[in-house]
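Peer 1: If you're matching positions, the sequence shown starts at 176 in the working numbering and goes up one per residue. Using N, Cα and C, we set each Cβ at its ideal position, and we do this for glycine too. These numbers come from a predicted model, not from an experiment.
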Amino acid sequence: MTIKEAEKFLKSSPLAIAGVSSTGKGFGASAFRTLLAEGFDVVPINPKIERFEGHRCYQSLSLMNEPPSAVVIITKPENTLPILAECKKLRISKVWFQPGAESEEALIYCQQNNIRAFSGFCILLFTKIFPHSLHLFFLKLFGKLT
């Protein structure tokens, strides 16, 4: 993955965030809040809740009025395959696995079903806000990202 590819992914609109926690705690909730505050068009996905901090929360991708352009997956690895199956059904061709959400099985599924999988980096690295911008600077400096 390149920085330009990551930035293009973030411009997907709307961008579904699968794994926004029902308690408002956890990284899914934090990522949703951060991306929303930075002006990204994000939609929370959680099968257990209808609203998240005043925003309509969809129980699945299939229940959205229109499929999202891309999905950020912030779930346990054992919960990713059903999300990917929905992506395939809805012809969503881009997903981002937050570190810890991916599995070898999920990555193979993406490859076999023409779903572009982004993995290995926190999506917030590419928001250009501190401290993520500092992490991105060092990744670029040491040649881990171009």
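For S187, which residues in the same chain have their Cβ closer than 6 Å to its Cβ, ignoring the five residues on either side in sequence?
Peer 2: Correct list, in chain order: S244, A245.
Peer 1: Is it buried or exposed, G203, if we count other Cβ atoms within 10 angstroms and call 16 or more buried?
Peer 2: G203 is buried by the Cβ-count criterion.
Peer 1: On the CB-based measure, 16 or more other CB atoms within 10 Å of its CB, does L300 come out buried or exposed?
Peer 2: With 16 or more other Cβ atoms within 10 Å, it is buried.
Peer 1: Run the CB neighbour count on L256, radius 10 Å, all protein chains shown included, and call it buried at 16 or more, exposed below.
Peer 2: The residue is exposed, with fewer than 16 neighbouring Cβ atoms inside 10 Å.
Peer 1: Three-state secondary structure (DSSP) at I248?
Peer 2: If DSSP states are grouped into helix, strand and coil, I248 belongs with the strands.
Peer 1: Tell me which same chain residues have a C-beta within less than 6 Å of the C-beta of E213, skipping the five on either side of it?
Peer 2: Around E213: T302.
Peer 1: Smallest Cα separation from E225: which of T198, K179, F215?
Peer 2: If we check each option's Cα against that of E225, T198 comes out closest.
Peer 1: Could you give the residue range of the beta strand (DSSP E) that holds L190?
Peer 2: Looking at the DSSP string, the run of the beta strand (DSSP E) that includes L190 is 190 to 193.
Peer 1: As a quick exercise: from P189, R266, A181, pick the residue whose alpha carbon is nearest that of D216.
Peer 2: Comparing Cα-Cα distances from D216 to each of P189, R266, A181, the minimum goes to P189.
Peer 1: Could you tell me which uninterrupted beta strand (DSSP E) segments, each at least 3 residues in length, are contained entirely in the segment 202 to 288, listed from first to last along the chain?
Peer 2: Those beta strand (DSSP E) runs which fall completely within the segment 202 to 288 and span 3+ residues are 217 to 220, 245 to 248, 269 to 272.
Peer 1: Considering just the uninterrupted stretch of the beta strand (DSSP E) at F184, what are its terminal residues?
Peer 2: Not the beta strand (DSSP E): F184 falls in the alpha helix (DSSP H), residues 178 to 185.
Peer 1: Identify every residue that forms a DSSP beta bridge with F293.
Peer 2: In DSSP, F293 forms a bridge with W271.
Peer 1: Just to confirm, is the Cβ distance from G194 to T250 under 7 Å?
Peer 2: Going by C-beta atoms, G194 is nearer than 7 Å to T250.
Peer 1: Can you tell me the Cβ-Cβ gap for L265 and L238, rounded? I've got them flagged as a contact below 8 Å.
Peer 2: Wrong, their Cβ atoms sit about 11 Å apart, outside the cutoff.
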